[in-house]
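Numbers -16 to 393, taken from this note's numbering, label the letters of the sequence shown in order.
No residue lacks a Cβ here, since even glycine has one placed at the ideal position from N, Cα and C.
Single-structure report; data block below.
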Amino acid sequence: AWPRAMGPRCPETLLPVPVYVSPTPPPQLVLVDVWVAEVDKRRCNQVLKDVSAAFPLTNMPHVKRVRRVAAADASPESLKVVLCPVGDSAAAAASWPAAASAVVERHALTPERAQVPGLAPRTREQWEEWTRVWPIVWQKPNRHLEVDVEDPAPEAVAEMRRWMSRAILEASRRGVGERNENEHKKAAGAKEDANASTEIDALPCVRNAVLLVDPVGSRVIAVGRDATGGWLAGGAAADEKNGAIKTHPLQHAAFAAIDAASAWDIATHGADHDPEAAAAAAATANFDSGGAGDEGPDALPSVGAKRAREKQEKNLGEKLTALHGRPYLCTGYDAYCAREPCVMCAMALVHSRVRRVVYGVPNAKAGALGGGPAAPLHGQRTLNHHYEVFSFGLDEDGFAAAAEAAGRPG
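Next comes the structure, spelled out in structure tokens:
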């Protein structure tokens, strides 16, 4: 049954099944134009040395610099060497970069155009296909990015729809992500700004709401609503006595939700705790009891100690949560975002160590989790925490329909 505390129910038919957003979407074959030259294999080492020093393939480390080419007259086998990428303005056959002229003249080369795969393959099948175009290196993907997440179970889909309905309802409330009308008129000299709506819609993370949900107890821990004022507040705070929200360009919905979760944690568990002191005390107790692998706080680091510390950092949230019997930051929570978070919000959710991020509307201009132009942030292997990401893939019409349905009594 739909809890009354959740508000009106949004019909499930209006929300599709959420789709898993891979941290490393399989790349498509993109061919890049390069300058190559045929070289006798007996002179290849010197040519390769000079070319690699002048034009390192920094952006295409997967491309092999040399490929074999059988000579037409069956003379000693020749090789083709990649000299450098073709510049955007290089239209003519003789318009290779000036820096390449010295190498070309020194070794009497005849450059010609060729194409190589511009992206590294992610699967063995891609490598087998793309290497026919030009030889490329095959490297197995990072282990933490290899695991494919199964389609969510029907019960999980129902939960995601339930909480996303609430997030969409919160995001559609009047005043979320909008400027205070009184302050707006003062700033504009009581003139009507016809482009205000268009400007707000073009900005990231506005008119958004984020729910932090504890999946264990199936309860909302915190709700954050966009209070950026459309990024146009100019530092002016709305009048809280009139029921308006204070605006600030950094008050994105994710930040507000994390801040509310912190306030909830202090109100529930108290503020008289020191995580670092507790962790140090636990380590000392383990050392005093003869725990394996502990050598005391003053012991010199042994071989492999750095690797051990890195692993501990990645599991910090789980360890501190178990140690204190209370969540460390937002460890284990699910974040339901009405709209896809920007890079700043997505990174804040990483630092907060949420378990999963689910968003309703992709952000094609500034989305950081698969809907925007950049690579998904949760696919960066250098991060010390990774969460799963799901998307409902709603457009603005679908968002409006879901919001209207959620606002109807039912």
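Residue i: which of the options sits nearest, CA to CA?
| i | options | result |
| --- | --- | --- |
| residue 138 | 235, 198, 318 and 238 | 198 |
| residue 145 | 349, 383 and 321 | 321 |
| residue 134 | 379, 383, 372 and 384 | 372 |
| residue 63 | 334, 17, 358 and 366 | 17 |
| residue 328 | 113, 86 and 233 | 233 |
| residue 32 | 86, 70 and 46 | 86 |
| residue 203 | 247, 311 and 231 | 247 |
| residue 9 | 103, 61 and 38 | 103 |
| residue 68 | 61, 90 and 101 | 101 |
| residue 70 | 231, 38, 365 and 367 | 38 |
| residue 60 | 379, 21 and 356 | 21 |
| residue 309 | 250, 348 and 325 | 250 |
| residue 118 | 350, 92, 44 and 93 | 44 |
| residue 369 | 338, 349, 358 and 356 | 338 |
| residue 378 | 114, 347, 93 and 140 | 347 |
| residue 335 | 122, 123, 111 and 244 | 244 |
| residue 376 | 152, 359, 345 and 41 | 345 |
| residue 142 | 93, 194, 109 and 156 | 194 |
| residue 123 | 112, 111, 113 and 105 | 105 |
| residue 360 | 380, 381, 325 and 388 | 325 |
| residue 152 | 209, 110, 111 and 358 | 209 |
| residue 156 | 206, 112 and 114 | 206 |
| residue 113 | 380, 364, 15 and 147 | 15 |
| residue 340 | 147, 42 and 111 | 147 |
Should residue i be labelled buried (16 or more other beta-carbon atoms within 10 Å of its own) or exposed?
| i | result |
| --- | --- |
| residue 171 | A caution first: residue 171 carries a pLDDT of 48, below 50, which makes its placement in the model too unreliable to give a value. |
| residue 190 | buried |
| residue 11 | exposed |
| residue 120 | exposed |
| residue 97 | buried |
| residue 241 | buried |
| residue 236 | buried |
| residue 383 | exposed |
| residue 437 | A question about residue 437 goes unanswered here, because the residues of the chain that appear run from -16 up to 393. |
| residue 211 | buried |
| residue 1 | buried |
| residue 314 | buried |
| residue 201 | exposed |
| residue 287 | The pLDDT assigned to residue 287 is 49, lower than 50, so where the model puts this residue is not dependable; a value taken from the coordinates is nonetheless given after this. Exposed. |
| residue 163 | Below a pLDDT of 50, predicted positions are generally treated as unreliable, and residue 163, at 48, falls in that range; no measurement from the model is reported. |
| residue 385 | buried |
| residue 323 | buried |
| residue 374 | buried |
| residue 107 | exposed |
| residue 91 | exposed |
| residue 356 | exposed |
| residue 84 | exposed |
| residue 230 | buried |
| residue 116 | exposed |
| residue 253 | exposed |
| residue 175 | Because the pLDDT at residue 175 is just 46, under 50, the model does not fix this residue reliably, and the point stays unresolved. |
| residue 149 | buried |
| residue 36 | exposed |
| residue 81 | exposed |
| residue 388 | buried |
| residue 76 | Residue confidence is low: residue 76 scores 47 on pLDDT, short of 50, so the model does not pin down where it sits. Its coordinate-derived value is still stated next. With fewer than 16 other Cβ atoms within 10 Å, it is exposed. |
Would you grab the beta carbon distance between residue i and residue j for me? Rounded to a whole angstrom, and I think it's under 8 Å.
| i | j | result |
| --- | --- | --- |
| residue 49 | residue 27 | 7 Å |
| residue 4 | residue 353 | 4 Å |
| residue 196 | residue 316 | 6 Å |
| residue 192 | residue 154 | 4 Å |
| residue 34 | residue 66 | 6 Å |
| residue 13 | residue 46 | Incorrect: roughly 12 Å between the Cβ atoms, too far for contact. |
| residue 238 | residue 318 | That pair is no contact at about 12 Å. |
| residue 366 | residue 333 | 6 Å |
| residue 30 | residue 95 | About 15 Å; that fails the 8 Å criterion. |
| residue 6 | residue 350 | Not quite, the Cβ-Cβ distance comes to about 14 Å (not below 8 Å), so this is no contact. |
So if DSSP puts residue i in a beta bridge, which residue, or which two residues, is it bridged to?
| i | result |
| --- | --- |
| residue 115 | In the DSSP output, where bridge partners are listed per residue, residue 115 has none listed. |
| residue 374 | 2 and 342 |
| residue 16 | 98 |
| residue 207 | 193 |
| residue 30 | Residue 30 is not bridged to any residue. |
| residue 68 | 17 |
| residue 23 | 61 |
| residue 49 | 64 |
| residue 202 | 197 |
Requested in this report: Could you name each continuous beta strand (DSSP E) segment of 3 residues or more that falls completely within the region 84 to 112, going from the start of the chain to the end?
Outcome: 95 to 100
Query raised in the report: Hey, which unbroken runs of the beta strand (DSSP E) at 3 residues or more fall wholly within the region 313 to 337?
Result: 317 to 322
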